[in-house]
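Residue numbers (the working numbering): 90 to 223.
Following this line, the structure appears as C-alpha coordinates:
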(Lines of atoms letter the chains of each structure in order from A and count residues from 1; the text may use other names and numbers.)
(Lines give C-alpha, C1' and ligand atoms only; values in the text may rest on other atoms or scores of the structure.)
Protein backbone atom coordinates (compact mmCIF):
# COMPACT_ATOMS: atom_id res chain seq x y z
CA UNK A 1 0.00 0.00 0.00
CA UNK A 2 1.44 3.43 -0.89
CA UNK A 3 2.03 5.88 1.91
CA UNK A 4 -0.53 8.64 2.12
CA UNK A 5 -1.11 11.92 3.88
CA UNK A 6 -4.37 12.97 5.48
CA UNK A 7 -4.71 16.59 6.58
CA UNK A 8 -7.35 17.29 9.22
CA UNK A 9 -8.60 20.83 9.76
CA UNK A 10 -11.11 22.36 12.16
CA UNK A 11 -13.77 24.47 10.42
CA UNK A 12 -16.41 26.86 11.65
CA UNK A 13 -19.08 26.13 9.03
CA UNK A 14 -18.90 22.69 7.41
CA UNK A 15 -21.22 23.55 4.50
CA UNK A 16 -19.22 26.65 3.54
CA UNK A 17 -15.94 24.75 3.81
CA UNK A 18 -17.28 21.85 1.73
CA UNK A 19 -18.29 24.27 -1.03
CA UNK A 20 -14.87 25.96 -0.83
CA UNK A 21 -12.84 22.75 -1.19
CA UNK A 22 -15.14 21.32 -3.84
CA UNK A 23 -14.68 24.52 -5.88
CA UNK A 24 -10.90 24.13 -5.62
CA UNK A 25 -11.09 20.64 -7.10
CA UNK A 26 -11.07 18.37 -4.06
CA UNK A 27 -13.32 15.33 -4.49
CA UNK A 28 -15.85 14.50 -1.78
CA UNK A 29 -15.64 10.95 -0.49
CA UNK A 30 -19.31 9.91 -0.14
CA UNK A 31 -18.40 6.87 2.00
CA UNK A 32 -18.17 9.13 5.05
CA UNK A 33 -21.43 11.11 5.30
CA UNK A 34 -22.26 13.15 8.36
CA UNK A 35 -22.88 16.60 9.72
CA UNK A 36 -19.71 16.97 11.80
CA UNK A 37 -17.04 15.92 9.29
CA UNK A 38 -16.36 15.80 5.55
CA UNK A 39 -13.78 13.66 3.78
CA UNK A 40 -12.08 14.71 0.53
CA UNK A 41 -9.37 13.45 -1.81
CA UNK A 42 -6.85 15.57 -3.70
CA UNK A 43 -5.09 12.55 -5.21
CA UNK A 44 -4.78 8.83 -4.57
CA UNK A 45 -2.48 9.50 -1.62
CA UNK A 46 -3.51 12.94 -0.32
CA UNK A 47 -6.72 13.34 1.65
CA UNK A 48 -8.42 16.08 3.61
CA UNK A 49 -10.77 15.78 6.58
CA UNK A 50 -12.78 18.80 7.70
CA UNK A 51 -14.12 18.66 11.24
CA UNK A 52 -16.51 21.02 12.98
CA UNK A 53 -15.01 22.70 16.04
CA UNK A 54 -17.17 20.47 18.23
CA UNK A 55 -15.93 17.31 16.54
CA UNK A 56 -12.32 18.56 16.55
CA UNK A 57 -12.49 19.01 20.32
CA UNK A 58 -13.22 15.29 20.76
CA UNK A 59 -9.70 14.54 19.43
CA UNK A 60 -7.66 17.14 21.32
CA UNK A 61 -7.89 19.62 24.15
CA UNK A 62 -5.45 21.98 22.42
CA UNK A 63 -7.08 25.28 21.42
CA UNK A 64 -8.01 25.99 17.82
CA UNK A 65 -5.82 28.87 16.65
CA UNK A 66 -7.52 32.11 15.63
CA UNK A 67 -8.29 32.71 11.97
CA UNK A 68 -5.43 35.21 11.77
CA UNK A 69 -2.75 32.75 12.87
CA UNK A 70 -0.32 30.90 10.65
CA UNK A 71 -0.01 27.43 12.12
CA UNK A 72 0.95 25.61 8.91
CA UNK A 73 1.07 26.20 5.18
CA UNK A 74 -0.14 23.51 2.80
CA UNK A 75 0.80 23.59 -0.88
CA UNK A 76 -1.07 21.84 -3.67
CA UNK A 77 0.46 21.19 -7.08
CA UNK A 78 -1.10 22.61 -10.22
CA UNK A 79 -0.57 21.71 -13.86
CA UNK A 80 -0.20 25.30 -15.13
CA UNK A 81 0.19 28.93 -14.17
CA UNK A 82 -3.43 29.42 -15.21
CA UNK A 83 -4.54 26.75 -12.74
CA UNK A 84 -2.62 28.52 -9.95
CA UNK A 85 -4.45 31.75 -10.80
CA UNK A 86 -7.78 29.93 -10.95
CA UNK A 87 -7.30 28.34 -7.51
CA UNK A 88 -6.55 31.78 -6.09
CA UNK A 89 -9.62 33.29 -7.76
CA UNK A 90 -11.86 30.45 -6.53
CA UNK A 91 -10.50 30.78 -3.01
CA UNK A 92 -11.66 34.41 -2.85
CA UNK A 93 -14.97 33.60 -4.54
CA UNK A 94 -15.80 30.87 -2.02
CA UNK A 95 -15.05 32.72 1.20
CA UNK A 96 -11.26 32.58 1.46
CA UNK A 97 -8.74 35.36 1.01
CA UNK A 98 -6.50 35.52 -2.05
CA UNK A 99 -2.84 36.55 -2.29
CA UNK A 100 -2.13 36.67 1.44
CA UNK A 101 1.59 36.63 0.62
CA UNK A 102 3.46 38.08 -2.36
CA UNK A 103 3.09 36.12 -5.59
CA UNK A 104 6.10 33.89 -6.24
CA UNK A 105 7.16 34.05 -9.88
CA UNK A 106 10.55 32.54 -10.58
CA UNK A 107 9.96 31.72 -14.25
CA UNK A 108 10.00 27.94 -13.89
CA UNK A 109 8.07 28.09 -10.61
CA UNK A 110 4.91 30.08 -9.93
CA UNK A 111 2.84 30.17 -6.77
CA UNK A 112 0.13 32.11 -5.01
CA UNK A 113 -1.05 31.73 -1.41
CA UNK A 114 -4.61 31.99 -0.12
CA UNK A 115 -6.67 31.05 2.91
CA UNK A 116 -9.80 29.00 3.28
CA UNK A 117 -12.82 30.53 5.08
CA UNK A 118 -11.25 29.59 8.46
CA UNK A 119 -7.88 31.17 7.73
CA UNK A 120 -5.97 27.96 6.99
CA UNK A 121 -3.09 28.85 4.68
CA UNK A 122 -2.90 27.12 1.29
CA UNK A 123 -0.65 27.67 -1.67
CA UNK A 124 -1.17 26.72 -5.29
CA UNK A 125 2.15 26.02 -7.02
CA UNK A 126 3.16 25.24 -10.59
CA UNK A 127 6.62 23.96 -11.43
CA UNK A 128 7.95 23.56 -14.98
CA UNK A 129 9.53 20.14 -14.54
CA UNK A 130 11.04 20.24 -18.03
CA UNK A 131 13.36 23.03 -16.87
CA UNK A 132 15.02 20.50 -14.58
CA UNK A 133 15.45 17.67 -17.10
CA UNK A 134 19.12 16.96 -17.76
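Beta carbons: idealized from backbone N, C-alpha and C, even for Gly.
- Listed in chain order, the alpha helix (DSSP H) runs fully inside the stretch 125-191 are 142-145, 170-182, counting runs of at least 4 residues.
- DSSP places residue 93 outside both helix and strand once states are collapsed to three, so it counts as coil.
- Contact annotation: the stretch 175-195 does not touch the stretch 120-129, with fewer than three C-beta pairs closer than 8 Å.
- In the DSSP assignment, the residues bridged to residue 213 are 165, 201.
- DSSP links residue 116 through a beta bridge to 130.
- Inter-segment contact for the stretch 159-178 and the stretch 209-217 is present: three or more beta-carbon pairs are separated by less than 8 Å.
- Contact between the stretch 97-114 and the stretch 193-212 is present: three or more C-beta pairs spanning the two stretches fall below 8 Å.
- About 7 Å separates the Cβ atoms of residue 92 and residue 134, confirming a contact at the 8 Å cut-off.
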